[in-house]
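Working notes, beginning with the structure itself.
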Amino acid sequence: MEATSSVQASPQVGRRRFNFDRVIAIALIAPSLLAIAVFVYFFIGQTAYVSLVRWNDLLPDYTFVGLRNYDKLFQIERFQADMSNTLKFTVVFIFVCLAVGLLLANLLDQKIKGEAIFRNIFMFPLAISFIVTGVAWRWLLTPSSGVNLIGSAIGIVDMKNPPGWFTDPKIGILAVAIAAVWQTSGYVMAMYLAGLRSIPDEIKEAARIDGATEWQLFRQITLPLLQPITLSAVIILGHISLKIFDLTKSMTGPGAGFSTDVPALFMFETTFSGSHFSQGAAIAMVLLVVVSVLIIPYLIYNFRNEVRS
Amino acid sequence: MQKHNRSVMTLVALFAMITMVLSACDNNSTTSNATTSKTPAAANTPAASNSNGSAATGKLEMFSWWTTGGESAGLKAMYKLYTKDRPNVEIVNQAVAGAAGSDAKAVLKSRMLGGDPPDSFQVHMGHELLDGYVAAGQVEPLDDLYKSEGFDKAFPQGVLDIVSGNGHYWSVPVNIHRANVLWYNKKVFTDNGLAAPVTFDDFFKAADVLKAKGITPLALGDKVPFASAHLFETVLVGTLGAENYKGLWNGKTKWDGPEVTQALNNFKKMLGYINSDHAALTWDQANDMLIAGKAGMTIMGDWVDADYKAKAFTDYGWTTSPGTKGLYDALSDTFALPKGAKNKENALAWLKLAGSQVGQDAFNPLKGSIPARIDAGKGDYDAYLLSAIADWKKDTIVPSVVHGAAAKDGWATAYTDSVNSFVTSLDVGKTQKALVQAAADNMTSK
Amino acid sequence: MSVVPYKPSRRRITPGRVITYAVLVGFSIFYLIPVYVLVVTSLKSFREVSLDRMWNLPQSFSLDSFRDAWFGNEETSVNGLASSFWNSIVLTVPAALISAAVGSINGYVLTKWKFRGADVVFPLILFGMFIPYQSVLIPLVQLMQNLHLYGSLWGLIFVHVIYGIPITTLIFRNYYAGVPTELIEAGRIDGAGIIGIYRYILFPISLPGFIVVLIWQFTSVWNEFLFAVVLVNTPSSQPITVALNNLAGSFSVAWNVQMAGALLAALPTLVVYIFLGRYFLRGLLAGSVKG
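Chains as they are written, first to last, in my numbering: chain A, 1028 to 1336; chain B, -7 to 438; chain C, 66 to 356.
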């Protein structure tokens, strides 16, 4: 009663309050915007500038050379390998993480005894740094030892001609993807598990009563309801994958014939070991453009869907 | 509503663009700030004023990549000597580990360019420094120090040539490492009736014997690519000889010439005798193969000696890498004085210690290298080091490229990338072209 | 009529169940194998450690590597992780707390107080997640120098808070998007303003979101290496990732000490995931349904 009367009594006050709140809202988010403007966009701007000049020694040289650095970059064998590796890695990494995460979440959602134990086992790799993961998996995938030894013990590997894993240029970065999936699929599993658990049982029951099989249930009800999670997961996995650095550096280095090289590693080496600052900046900008091309449409699609719903 | 959204979007996009453009303009001033010296630069350092060491206070920020084992022990031994002389100076040991100093160099570059130099830092002698921080005007020349301490008479001429540029001395070498060493497992060799190879032919003959027996002739661990670049460097030295090899780095020898082709072919043949999982091993893990008798030889710098000691392995022999008898493929850890060092006096005292006989003989036995001074060498040096010290006095010195002496870091990384490619492709023509390109991109006049 | 006690239906051991458990166990082995390697290697002595014997159990269990990794070892000149452990705590806890708070406020504003352009602001913030940190190192050092924040742990905390803004905002935005607007409306009708609504309505129900963000940020900051090694230049202040990296020599590596150190460094985050994993899941449950 009081509330309505106060609203009726002073509509002007209400609106002013409302507008003042709007100001506070903007003030609350302004520091973050400022920080991002400086620490992200300002630096991106600097990087873009450096990529357009001729700074390839310790002594800065700001002679403008236009897109020449990019031109040369795409002709460098190492960079071409990087781009191809990134594509292979990203596709395999995201796909397998989603698949494994979804599979494990589904399995765990069935009133498993010892669910907590399994869950902890699947999630603990998240606690470990990429550097440590790299060291462990390098040992595991060393051709003369590691999993090949186990494989040889059970008879599926011939130690005279063992799988080369990351030393085999044909496999290369995919071996690194195994380690990355090991590290990150737990998070995807947790997200999907939470998502599965939030689907009300009534919906599933209703579908079953209508005669749907479990598979139809999964495909037509569960999966679509999990779509927001898939989107979140793809964003997070994509951001890890495109920036992957620590893992490759500690696990394989650039690899035989650059088969495990990634742009971030090339960028780091050419900038800090080789003092080719402009080349490094160009690599960074290409990475950013690739990210934008992949992420922005996805974001737009998602926001349009949100606005509609 | 739509109109509003559109104008907001334009505003925001404009905002983002403006910050990016502003940053580009700002870039010029902030980075050039970092390269001008913070303290008024004297053309030469003032004469040594070591007299009141005990009254010296402040800090000494020493930056290196020596974090564990013998290297760290050697550094600490020097710190002890330093503290004896300057007990009130706080030594801040800033060290960052990482294969061949790659992480440390990243941190150092960020600091130097960001305007926060340490008081002194470890750096390889030669073009890595000369075409790097010297060319960027970020270190002080050390001519007066060299004169007052007599360094210009204590180091061999070959070293003096490498550490000087534009008529000035730029860093103080504390040690010398040798890159062109071939190590072998003595038992494997005696079991197969082999003697230490001298020429490439000797090497290939020995390798064939070992291969037939199922022993890896040459252990290589190039997960960190410097190892194969290092191996090729020794092949270059062994194929071209001292003068032609040195000529590669100043334009006198052409990279597309027949000698380099020959070297690449020698290297290609050598690569037929390495372990197939080389890309998965670091150099010390390849060394383990030799220790276990699974491999017969390895070609790597003389830090291998310290590795054997740490693993208590004694049954090894050494000789120069194929074709390099009488040549000393040298690299050196040196210390430089950055412009704008906050504790310049303390830093100079450190440099004096590093170049002194007592400092070098305290450091090197623990580090596993030999002193750069020809008059040093009294200490607990093991058999290999003693033989290296003897060689150092008479062999012809050539600068290592993989370890920063022969060429600037941009060239060294381009060279390393080409070699890495070659190990997989074995394409002599393509790699030779890449090496030519690397030289063209990075050649600077001395 | 007899009362039949209600028994929850006992799942029959169907082939489906067996396969389910088999697959779960199979995957568990996949996840645990690297741990085996780490643990076994860290329990060996230096001479015993070698690639070709990596699966063998240690001939004699020795905790020496752990002792060396933690306390250091004068003889072999190893610097222990003990002091840097505390540095990492001082670094990670404030960084996680502050960035969670910031993310929460941002998520709140972006979902419940949609000012004009809020839908553009969010992607702009999100995009910040994707910059490769290697590319900002040098301007970052310069900027931190100018702000007099370079070289200290507080500077590093500052940097982590800033670069944590995108992910924390993302998580909280997703979380708060699921909070019905009726709640907010009710608050407004009661006369609460923007701060009041957050304080009395939103914050009390934010715990699951905070758990997710805190765990995620704690792990990220604890395990981060690049910024730590570049921005903190005093050995006495360096975080554990830097000290762990320095356990390895620059030339040859004592693998047993390295792996022991790696295990020790991973303990806090492991503990967090094991003990708070359930809450982590609950947090995701509460927030991640709406994308």
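In this text, a Cβ means the ideal position worked out from N, Cα and C, and glycines have one as well.
Cβ of Pro189/B within 8 Å of any chain A Cβ
Here residue 189/B is taken as the residue at index 197 of the second sequence, counted from 1. No, Pro189/B does not count as interfacial toward chain A.
Whole-angstrom Cβ separation of Met70/B and Phe355/B, contact assumed at under 8 Å?
By 1-based counting over the second sequence, the position of residue 70/B is 78. By 1-based counting over the second sequence, the position of residue 355/B is 363. Confirmed, about 5 Å.
Output yes if chain C places a C-beta closer than 8 Å to the C-beta of Asp1048/A; else output no.
Position 21 of the first sequence holds residue 1048/A. With 8 Å as the cut-off, Asp1048/A counts as an interface residue toward chain C.
I'd like to check one pair, Phe1106/A with Phe1293/A: are the Cβ atoms closer than 8 Å?
Looking up residue 1293/A in the first sequence gives position 266. Looking up residue 1106/A in the first sequence gives position 79. In this structure, Phe1106/A lies closer than 8 Å to Phe1293/A by Cβ.
Kindly list, in the order they appear in chain C, the residues whose Cβ is closer than 7 Å to that of Asp1273/A.
In the first sequence, residue 1273/A corresponds to position 246, counting from 1. Within chain C, the C-beta atoms nearer than 7 Å to that of Asp1273/A come from Phe290, in chain order.
3 or more residues per run - each beta strand (DSSP E) lying fully within the stretch 63 to 89 of chain B:
Here the runs fully enclosed are 82 to 87.
Alpha-carbon to alpha-carbon, Leu282/B and Ala302/B:
As a working note, residue 302/B is residue 310 in the second sequence. As a working note, residue 282/B is residue 290 in the second sequence. When rounded, the distance between both Cα atoms is 15 Å.
Chain A contacts from the stretch 260 to 292 of chain B (Cβ-Cβ distance under 8 Å)
For the stretch 260 to 292 of chain B, which is checked against every Cβ of chain A, the residues closer than 8 Å are Asn267, Ser268, Asp269, His270, Ala271, Ala272 and Leu273.
Along the chain, where does the alpha helix (DSSP H) containing Gly229/C start, and where does it finish?
In the third sequence, the residue the question calls residue 229/C occupies position 164. Gly229/C -> alpha helix (DSSP H) spans Leu218 to Ala242.
Between Leu349/C, Asn121/C and Leu279/C, which has its C-alpha nearest Ile163/C's C-alpha?
In the third sequence, residue 163/C corresponds to position 98, counting from 1. The option with the nearest alpha carbon to Ile163/C is Leu279/C.
Given a threshold of 16 other Cβ atoms within 10 Å of its Cβ, counted over all protein chains shown, does Ser169/C qualify as buried or as exposed?
On the third sequence, position 104 is the one that residue 169/C refers to. With a threshold of 16 other beta carbon atoms within 10 Å, Ser169/C meets it and is buried.
Could you check where the beta strand (DSSP E) with His116/B kicks off and where it finishes?
Working through the second sequence from its first residue, we reach residue 116/B at position 124. For His116/B, the uninterrupted beta strand (DSSP E) segment begins and ends at Ser112 to His116.
Thinking Leu210/B and Ala221/B are a contact (beta carbons under 8 Å), I'd like their distance in whole angstroms, please.
Translated into positions along the second sequence, residue 210/B becomes position 218. Translated into positions along the second sequence, residue 221/B becomes position 229. Between Ala221/B and Leu210/B the Cβ distance is about 15 Å, and since that is not below 8 Å, they are no contact.
Ala304/B versus chain C: which residues are under 8 Å apart at the beta carbon?
Residue numbering aside, residue 304/B sits at position 312 when the second sequence is read from its first letter. In chain order: Arg112.
Quick one: what does DSSP say Thr299/C is sitting in, helix, strand or coil?
Looking up residue 299/C in the third sequence gives position 234. Note: Thr299/C maps to coil in three-state DSSP.
Less than 8 Å between CB atoms is the rule here; does Thr442/B satisfy it with respect to chain A?
The question about residue 442/B has no answer here: the residues shown for chain B are numbered -7 through 438.
Between the CA atoms of Trp241/B and Met435/B - distance to the nearest angstrom
Translated into the one-based positions of the second sequence, residue 435/B becomes position 443. Translated into the one-based positions of the second sequence, residue 241/B becomes position 249. Going from the Cα of Met435/B to the Cα of Trp241/B covers about 7 Å.
Is the CB of Pro204/C under 8 Å away from at least one CB in chain A?
As a first step, residue 204/C must be located in the third sequence, where it is residue number 139. So, interface residue.
Quick one: any contact between the stretch 288 to 304 of chain C and the stretch 183 to 203 of chain C, if contact means 3 or more CB pairs under 8 Å?
Judged by Cβ distances under 8 Å, the stretch 288 to 304 of chain C makes contact with the stretch 183 to 203 of chain C, as three or more pairs qualify.
Can you tell me the Cβ-Cβ gap for Pro1290/A and Ile1310/A, rounded? I've got them flagged as a contact below 8 Å.
By one-based count along the first sequence, residue 1290/A stands at place 263. By one-based count along the first sequence, residue 1310/A stands at place 283. The beta carbons of Pro1290/A and Ile1310/A sit about 5 Å from each other, so the pair counts as a contact at 8 Å.
When the cut-off is 8 Å and only beta carbons count, does Thr79/C lie next to chain A?
By one-based count along the third sequence, residue 79/C stands at place 14. Not an interface residue.
From Lys51/B to Ile83/B, what does the alpha carbon distance come to, in whole angstroms?
Taking the second sequence and counting its residues from 1, the one referred to as residue 51/B is at position 59. Taking the second sequence and counting its residues from 1, the one referred to as residue 83/B is at position 91. Taking the straight line joining both Cα atoms gives about 6 Å.
Residues bridged to Arg132/C by DSSP?
Against the third sequence, residue 132/C aligns to sequence position 67. Answer is none; Arg132/C lacks a bridge partner.
Verify the CB distance criterion: does Ser115/C have a CB-CB separation below 8 Å to chain B?
Counted from its first residue, the third sequence places residue 115/C at position 50. Interface residue (Cβ-Cβ distance to chain B less than 8 Å): Ser115/C is classified as such.
Does the CB of Phe180/C have a neighbour CB from chain A at under 8 Å?
To locate residue 180/C, count along the third sequence from 1; it is residue 115. Cβ-Cβ to chain A under 8 Å: yes for Phe180/C.
To the nearest angstrom, how far is the alpha carbon of Gly348/C from that of Leu1244/A?
Along the third sequence, read from residue 1 onward, the residue named residue 348/C stands at position 283. Along the first sequence, read from residue 1 onward, the residue named residue 1244/A stands at position 217. Rounded to the nearest angstrom, the two C-alpha atoms are 26 Å apart.
Mind the definition here: the stretch 1141 to 1156 of chain A touches the stretch 92 to 106 of chain C only if three or more C-beta pairs lie below 8 Å; say whether that holds.
Using a C-beta cut-off of 8 Å, the stretch 1141 to 1156 of chain A makes contact with the stretch 92 to 106 of chain C, since at least three inter-stretch Cβ pairs fall below that distance.
Determine the closest residue to Ile1248/A out of Arg1235/A, Gln1073/A, Ile1053/A and Val1050/A, with distance taken between C-alpha atoms.
As a position in the first sequence, residue 1248/A is number 221, starting the count at 1. Per the C-alpha coordinates, the member of Arg1235/A, Gln1073/A, Ile1053/A and Val1050/A positioned closest to Ile1248/A is Arg1235/A.
Buried/exposed call for Ala426/B, threshold 16 Cβ in 10 Å
Counting from one through the second sequence, the residue named residue 426/B turns up at place 434. Buried is the label assigned to Ala426/B, since at least 16 other Cβ atoms lie within 10 Å of its Cβ.
Where the stretch 1190 to 1209 of chain A meets chain B: residues whose CB sits under 8 Å from a CB there:
Listed by position along the chain: Gly1191, Trp1192, Phe1193, Thr1194 and Pro1196.
Using CA coordinates, which residue listed in Gln1073/A, Val1203/A, Leu1079/A and Leu1134/A is at the minimum distance from Val1119/A?
The residue given as residue 1119/A occupies position 92 in the first sequence. The alpha carbon of Val1119/A has as its nearest neighbour, out of Gln1073/A, Val1203/A, Leu1079/A and Leu1134/A, the alpha carbon of Val1203/A.
Continuous beta strand (DSSP E) stretch holding Ser56/B: start and end
Counting from one through the second sequence, the residue named residue 56/B turns up at place 64. Start and end: Lys51 to Ser56.
For the structure I just gave you, are there three or more beta carbon pairs, one from the stretch 203 to 221 of chain C and one from the stretch 1086 to 1095 of chain A, closer than 8 Å?
Contact annotation: the stretch 203 to 221 of chain C does not touch the stretch 1086 to 1095 of chain A, with fewer than three C-beta pairs closer than 8 Å.
Determine, for Gln210/C, whether the minimum Cβ-Cβ distance to residues of chain A falls below 8 Å.
Locating residue 210/C in the third sequence gives position 145, counting from the first residue. Not an interface residue.
Can the beta-carbon of Met262/B be found less than 8 Å from the beta-carbon of Val173/B?
Residue numbering aside, residue 262/B sits at position 270 when the second sequence is read from its first letter. Residue numbering aside, residue 173/B sits at position 181 when the second sequence is read from its first letter. Between Met262/B and Val173/B, the C-beta gap is not smaller than 8 Å, which leaves the two residues out of contact.
From the DSSP output, which residues share a beta bridge with Phe1091/A?
Within the first sequence, residue 1091/A is the residue found at index 64, counting from 1. Paired residues: Val1080/A.
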